[in-house]
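Below you'll find the structure, written out as structure tokens, and then a few comments.
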Amino acid sequence: MKFNELKIKNKLLNNIDKMKYVEMTKIQENVIPEVMQNNDVLVKAQTGSGKTASYLVPIINNLMDVEKREDSCIKAIILVPTRDLVNQVYDSFEKLNDGIGLTVCKIMGGLNKQSQIDLIKDKPDVVIAVTGRFKEFMSRDLMSFKKVKYFVLDEVDKMLDLGFRSDILYIHQEIKRESENLNTLMLSATLPESIFELSVNFLKPDYKKIDLEEEVVINDLIQQKFLVMHNSHAMTALLKLVKENNVRTIIFANQIQMCSKIESLIRYLGISVASINGDRTQLYRDNVIKEFKEHKISVLVATDLMSRGIDIKDLDLVINLGLPEQLETYMHRIGRVGRAKTQGKAITICSLTEKEKLTRLIQTYNIKAKVIEKESWTKPAKESEKEMNKLYYNK
Ligand code: AMP
0 MKFNELKIKN KLLNNIDKMK YVEMTKIQEN VIPEVMQNND VLVKAQTGSG KTASYLVPII
60 NNLMDVEKRE DSCIKAIILV PTRDLVNQVY DSFEKLNDGI GLTVCKIMGG LNKQSQIDLI
120 KDKPDVVIAV TGRFKEFMSR DLMSFKKVKY FVLDEVDKML DLGFRSDILY IHQEIKRESE
180 NLNTLMLSAT LPESIFELSV NFLKPDYKKI DLEEEVVIND LIQQKFLVMH NSHAMTALLK
240 LVKENNVRTI IFANQIQMCS KIESLIRYLG ISVASINGDR TQLYRDNVIK EFKEHKISVL
300 VATDLMSRGI DIKDLDLVIN LGLPEQLETY MHRIGRVGRA KTQGKAITIC SLTEKEKLTR
360 LIQTYNIKAK VIEKESWTKP AKESEKEMNK LYYNK
């Protein structure tokens, strides 16, 4: 189905056209009409399936209706789990909003607070934010929610997991209490049962549930492989994979210190690399993402900060050094490839102690993948590692 088959206003259609979107993705076909009719939605759709535009397009379209700009007030609030995602959603918003003139503001840590306060005092139409600073601004009474029409929780399962849950509940309650007419949109690629039950409390009883998992099978687009080995082989195997594949890669590691270690070893191979984690300043994070998007860096090492939502074009490979703590995070990590119907590859190095978790992962998500465990990898590395060291570290 094409975008111009819906009653989307011309200016917005032109912008969609400029972004080279012609056909709607499945998720957009299902979500856009519901939001245009102001229904609450709970959406589960695969990573990279066009979720962002599925809520931005109808929100912009409906807010364009409210032509009376003298009525300046916040009309839509979009909350996402990381600052990097705020930037990404903001960029998509700006492209769709080109020449339309809705005002938008980012609220997040890492940016000058006073300039954000000034922006919010101007009552922008749309606010894109992370939870922490948004809540802080609420407590300082900087915003009125009376005219808020749309409240979006993107990556909703992350937003409602224990770390953010009470803040989100509080924010939603306050917005709902003040707003005259609120629509709530919740979206994620993974939605565990417990989060699903919790999400429903946020929505009107006649909300629409859109679950397209059955129709878009991630496994067909992403070729997945698991290499099971003794921990002592892991780093050597990782470097070997990076060197042999020699493509644009994101490597996920579970600890910040490990990211730095991997980064220096890869740099030593003569490959352009950078790493991103929560300890880096926002400016550094923004620059690295920009350079990676511009192909100036070919390997990005990251913690799970980058596992959700981040959209990097022409990415070929995801490597996981170890399984993530939560199973669903695996699906988000590998979802950095195979976006917008492109092919991708994901290779995960698992330690012997992770075998039981690996079995659970494969069963939970019905993953079709090769699991390779060679006899020689199961013993602690000694001589073989030395060989590898010679090969990779002293080239
Ligand atoms: P998202 O899931 O929102 O991060 O989108 C994943 C990728 O799909 C992004 O690169 C979008 O620019 C792209 N995309 C979204 N909608 C469409 C569409 N209708 N046609 C082509 N590409 C799209």
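Quick note: the sequence shown, position 196, residue 195 per numbering that gives the first Met the number 0, numbers continuous.
Just so you know, even glycine gets a beta-carbon here, dropped at the ideal spot from N, CA and C.
Keep in mind the model is a prediction, meaning the values are calculated, not measured.
- To the nearest angstrom, report how far apart residue 113 and residue 54 are at their CA atoms. 29 Å
- Task: Using three-state DSSP, classify residue 260 as helix, strand or coil.
- Result: helix
- Take every Cβ of the segment 303-311, pair it with every Cβ of the segment 0-16, and state whether three or more of those distances are shorter than 8 Å. no
- Item | Option nearest residue 275 by Cα separation, candidates 251, 240, 331 and 141 | 251
- Taking the alpha-carbon positions, what's the residue 187 to residue 33 distance? 17 Å
- Message: Any heavy atom of the ligand AMP inside 6 Å of the beta-carbon of residue 47?
- Response: yes
- How many Å lie between residue 313 and residue 25 at the Cα? 21 Å
- Message: Here's a check: name, in chain order, each residue in its chain whose Cβ is nearer than 7 Å to the Cβ of residue 259, leaving out the five neighbours to either side.
- Response: 274
- Message: For residue 120 and residue 247, I'd like the C-alpha separation in whole angstroms.
- Response: 42 Å
- Item | Inter-residue Cα distance where the pair is residue 122 and residue 10 | 23 Å
- Completely contained beta strand (DSSP E) runs for the segment 175-201, where each covers 3 or more residues: 182-187
- Task: Would you list the residues sitting across from residue 365 in a DSSP beta bridge?
- Result: Paired residues: none, contrary to the question.
- Look at the alpha carbon of residue 346 and the alpha carbon of residue 236, and state the distance between them as a whole number of angstroms. 11 Å
- Query: Can the beta-carbon of residue 129 be found less than 7 Å from the beta-carbon of residue 88?
  - Reply: no
- Message: Considering only heavy atoms of the ligand AMP, does any lie closer than 6 Å to the CB of residue 24?
- Response: yes
- Message: So, with DSSP's three-state summary, where would you put residue 278?
- Response: coil
- Task: Go ahead and label residue 352 buried or exposed: buried means 16 or more other beta carbons lie within 10 angstroms of its beta carbon, across all protein chains shown.
- Result: exposed
- Query: Looking only at its own chain, which residues have a Cβ that is under 8 Å from the Cβ of residue 209, when we skip the five neighbours before and after it?
  - Reply: 26, 29, 30, 33, 40, 41, 42, 43 and 44
- DSSP-derived helix/strand/coil call for residue 269: coil
- Item | Closest residue to residue 227 among 48, 148 and 377 (Cα-Cα distance) | 377
- Query: Are the CB atoms of residue 249 and residue 142 nearer to each other than 7 Å?
  - Reply: no
- Query: Can we count residue 50 as close to the ligand COA, meaning its CB is less than 6 Å from some heavy atom?
  - Reply: Judged by which ligands are present, the ligand COA is missing from the structure shown, whose ligands are the ligand AMP.
- Taking the alpha-carbon positions, what's the residue 331 to residue 323 distance? 10 Å
- Alpha-carbon to alpha-carbon, residue 2 and residue 19: 11 Å
- beta strand (DSSP E) containing residue 228: first to last residue? 221-228
- Taking 7 Å as the cut-off, decide whether the C-beta atoms of residue 262 and residue 317 are in contact. no
- Item | Cβ-Cβ separation, residue 278 to residue 255 (assumed contact under 8 Å), whole Å | 6 Å
- Message: Taking the beta carbon of residue 48 as the centre, do at least 16 other beta carbons fall within 10 Å, making it buried, or is it exposed?
- Response: buried
- Task: Would you check whether the ligand AMP has a heavy atom nearer than 6 Å to the C-beta of residue 301?
- Result: no
- Message: Less than 6 Å separating the Cβ of residue 338 from some heavy atom of the ligand AMP?
- Response: yes
- Task: Just grab the DSSP bridge partners of residue 319 for me.
- Result: 251 and 347
- Message: What I want to know is whether the C-beta of residue 20 ends up closer than 6 Å to one or more non-hydrogen atoms of the ligand AMP.
- Response: yes
- Query: Could you check where the alpha helix (DSSP H) with residue 30 kicks off and where it finishes?
  - Reply: 25-35
- Where residue 356 sits in the DSSP three-state scheme: helix
- Query: Span of the alpha helix (DSSP H) holding residue 329?
  - Reply: 326-333
- Task: For residue 288, name the three-state secondary structure that DSSP assigns.
- Result: helix
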